[in-house]
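Residue numbers (the working numbering), protein chains in the order written: chain A, 91 to 304; chain B, 8 to 267.
Yeah, the Cβ is synthetic: ideal placement off N, Cα and C, and Gly gets one too.
Just below is one structure, and these are the notes that go with it.
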């Protein structure tokens with residue numbers, strides 16, 4: 091790689107690799123998000139009625155959010171089963187990051203419902219489960235989706251750092267570019283990552299507006 | 008034993024020496040020493056100032072609250088012994104903001120209890136049409152609207168229709184017309200008064216508006232600081248000498264245009 095190589099011609103020459111890394115990146119984010127949603131949404135529904143568990147769950151999720159991402163990847167490497175070098179460790183870390191916005195928004199969405207609506211539901215003889223699934227959940231859906239949207243954008247960004255522990259994805263270009271002082275390499279990772287984040291933001295935002303009940 | 012949510016027609020509501028307090032420190036008494044019987048087909052109005060315990064009495068009837076002392080009987084059975092889901096499905100409930108489900112259409116709101124009771128689709132649809140007509144809304148125009156597309160008065164009409172959906176023998180109403188503009192309020196009061204007479208339901212109606220009480224009640228029960236201070240027919244009520252009654256009647260006299 092020569093320093094005078096322009097960014098554009100680098101993109102053209104390596105388009106197959108860039109596309110491959112982008113797909114890797116998307117897979118990493120998608121798997122992490124699916125797991126985070128499968129944990130975060132049910133957990134959020136579970137803590138609605140349980141005051142003690144609520145502060146513990148939200149507290150732990152907040153702590154993960156405060157750990158710098160590079161440090162979190164580092165911490166996970168020596169842990170058996172979930173740790174080590176590679177995709178699995180990266181996915182665990184990404185799930186931990188994505189959890190807080192999903193959990194918090196699920197909880198806020200489910201509890202931020204007009205008290206008159208909940209009072210009616212109870213007085214009409216709906217069971218607690220019916221109130222949760224037929225009233226609270228549909229009314230909270232837009233707020234929950236806003237949490238998923240935030241989490242997705244965070245995850246797309248954090249996933250670039252996962253390349254540091256050998257998880258692949260667009261971060262591979264960025265780390266190599268930093269090591270070789272090559273703007274073209276850095277941009278080959280950064281531009282697709284930014285585009286992914288914008289696309290995710292746009293489409294999830296669209297979905298969120300469609301689900302909003304006023 | 009019975010699968011039908013049967014509050015039978017003959018039965019009434021009965022409060023036996025009921026007190027309710029909240030176990031704060033110090034514990035706060037909300038209502039105390041309440042003994043009251045509501046007979047079938049009666050429209051009992053609970054009248055009182057804010058904080059007099061009217062809403063608490065209402066919520067003691069459908070098991071949203073339970074007495075700290077004494078007991079509340081519905082159909083001669085204590086609310087503690089009722090399956091609460093069955094009890095509540097046999098009692099219509101209308102509140103001030105209507106509490107309509109914003110993600111349901113008008114028809115889905117009205118058809119909720121029937122759908123919980125597993126009525127078939129066709130029967131529910133017919134019932135929804137009947138009820139919309141009953142509360143003065145054209146089914147073809149309103150059935151598919153969302154609550155946000157209705158005016159306050161229309162929302163309250165839907166609230167009444169929803170409460171009547173499974174034909175419950177008892178109706179509880181907590182200041183249902185309180186948030187409406189005066190013209191709409193008067194209109195709904197008149198219509199509801201006629202409707203109540205036709206339906207023959209046992210109705211417990213909470214209000215702080217004496218004129219509304221006089222219009223709708225077959226009996227007015229006046230509450231002051233959690234106790235019953237008067238119980239009378241509307242005609243008798245105006246002649247009572249109790250200071251709290253006088254406070255209410257004089258507020259009426261002060262209102263411009265009120266009957267002297």
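Provide the residue span of the beta strand (DSSP E) that contains residue i, from first to last.
| i | result |
| --- | --- |
| residue 180/B | 177-181 |
| residue 149/A | Here residue 149/A belongs to no beta strand (DSSP E); instead the alpha helix (DSSP H) covers 141-156. |
| residue 229/B | 226-231 |
| residue 221/A | Careful: residue 221/A lies outside any beta strand (DSSP E) and carries neither H nor E. |
| residue 163/B | Run containing residue 163/B: none in the beta strand (DSSP E); it sits in the alpha helix (DSSP H), 159-171. |
| residue 44/B | 35-45 |
Closest by CA to residue i, which one among the options?
| i | options | result |
| --- | --- | --- |
| residue 37/B | 43/B, 258/B and 28/B | 28/B |
| residue 218/A | 121/A, 303/A and 136/A | 136/A |
| residue 115/A | 296/A, 292/A and 287/A | 287/A |
| residue 161/A | 207/A, 183/A and 267/A | 183/A |
| residue 198/A | 237/A, 252/A and 289/A | 237/A |
| residue 113/A | 246/A, 201/A, 275/A and 166/A | 246/A |
| residue 159/A | 170/A, 201/A, 255/A and 99/A | 255/A |
| residue 207/B | 199/B, 214/B and 213/B | 199/B |
| residue 122/A | 204/A, 200/A, 284/A and 192/A | 192/A |
| residue 285/A | 226/A, 109/A, 99/A and 100/A | 109/A |
| residue 118/A | 98/A, 297/A and 252/A | 252/A |
| residue 93/B | 55/B, 177/B, 166/B and 57/B | 177/B |
| residue 160/B | 127/B, 105/B and 129/B | 105/B |
| residue 51/B | 133/B, 238/B, 163/B and 183/B | 238/B |
| residue 132/A | 144/A, 196/A and 216/A | 196/A |
| residue 239/A | 163/A, 294/A, 100/A and 170/A | 294/A |
| residue 127/A | 280/A, 250/A and 234/A | 234/A |
| residue 186/A | 214/A, 153/A and 169/A | 153/A |
| residue 167/B | 195/B, 62/B and 254/B | 195/B |
When the Cα atoms are used, what is the spatial distance from residue i to residue j?
| i | j | result |
| --- | --- | --- |
| residue 111/B | residue 153/B | 6 Å |
| residue 223/A | residue 194/A | 18 Å |
| residue 82/B | residue 98/B | 11 Å |
| residue 265/A | residue 273/A | 11 Å |
| residue 12/B | residue 116/B | In this prediction, residue 12/B scores a pLDDT of 47, lower than 50, which makes its location untrustworthy; no coordinate-derived value is stated. |
| residue 271/A | residue 277/A | 11 Å |
| residue 104/A | residue 260/A | 13 Å |
| residue 79/B | residue 252/B | 26 Å |
| residue 124/A | residue 231/A | 16 Å |
| residue 131/B | residue 172/B | 9 Å |
| residue 229/B | residue 241/B | 11 Å |
| residue 221/A | residue 209/A | 10 Å |
| residue 43/B | residue 33/B | 28 Å |
| residue 241/A | residue 283/A | 15 Å |
| residue 267/A | residue 275/A | 5 Å |
| residue 201/A | residue 192/B | 32 Å |
| residue 225/B | residue 129/B | 37 Å |
| residue 218/B | residue 187/B | 15 Å |
| residue 247/B | residue 162/B | 36 Å |
| residue 300/A | residue 67/B | 40 Å |
| residue 23/B | residue 235/B | 13 Å |
| residue 26/B | residue 35/B | 11 Å |
| residue 179/A | residue 97/A | 32 Å |
| residue 302/A | residue 71/B | 30 Å |
| residue 147/B | residue 179/B | 28 Å |
Check the Cβ of residue i against every Cβ in chain B and list those closer than 7 Å, keeping chain order.
| i | result |
| --- | --- |
| residue 206/A | 102, 104 and 106 |
| residue 225/A | 108 |
At a CB-CB cut-off below 8 Å, which residues of chain A make contact with residue i?
| i | result |
| --- | --- |
| residue 96/B | 214 and 215 |
| residue 120/B | 214 and 215 |
| residue 123/B | 214, 215, 216 and 220 |
| residue 69/B | 213 |
From the DSSP output, which residues share a beta bridge with residue i?
| i | result |
| --- | --- |
| residue 82/B | According to DSSP, which records beta bridges pairwise, residue 82/B is partnered with nothing at all. |
| residue 100/B | 179/B |
| residue 214/B | 54/B |
| residue 209/B | 177/B |
| residue 7/B | Summary: the structure shown does not reach residue 7/B, with chain B confined to residues 8 through 267, and so no result is reported for it. |
Name the chain A residues whose beta carbon is nearer than 9 Å to that of residue i?
| i | result |
| --- | --- |
| residue 109/B | 204, 207, 229, 303 and 304 |
Determine the chain A residues that contact residue i at a beta-carbon separation under 7 Å, and present them in chain order.
| i | result |
| --- | --- |
| residue 180/B | Within chain A, no residue comes near residue 180/B; the closest Cβ sits about 11 Å away, beyond 7 Å. |
| residue 92/B | 215 and 217 |
Just curious, the alpha helix (DSSP H) that residue i is in, first and last residue?
| i | result |
| --- | --- |
| residue 244/B | 241-244 |
| residue 115/A | 105-137 |
| residue 26/B | Per DSSP, residue 26/B belongs to no alpha helix (DSSP H); it is in the beta strand (DSSP E), 20-29. |
| residue 191/B | 189-206 |
| residue 179/A | 177-201 |
| residue 61/B | 61-68 |
| residue 74/B | Run containing residue 74/B: none; DSSP gives neither H nor E here. |
| residue 273/A | 273-301 |
| residue 146/B | 146-149 |
Name the chain B residues that come within less than 9 Å of residue i, Cβ to Cβ?
| i | result |
| --- | --- |
| residue 145/A | Neighbours of residue 145/A on chain B: none; closest Cβ ~22 Å, over 9 Å. |
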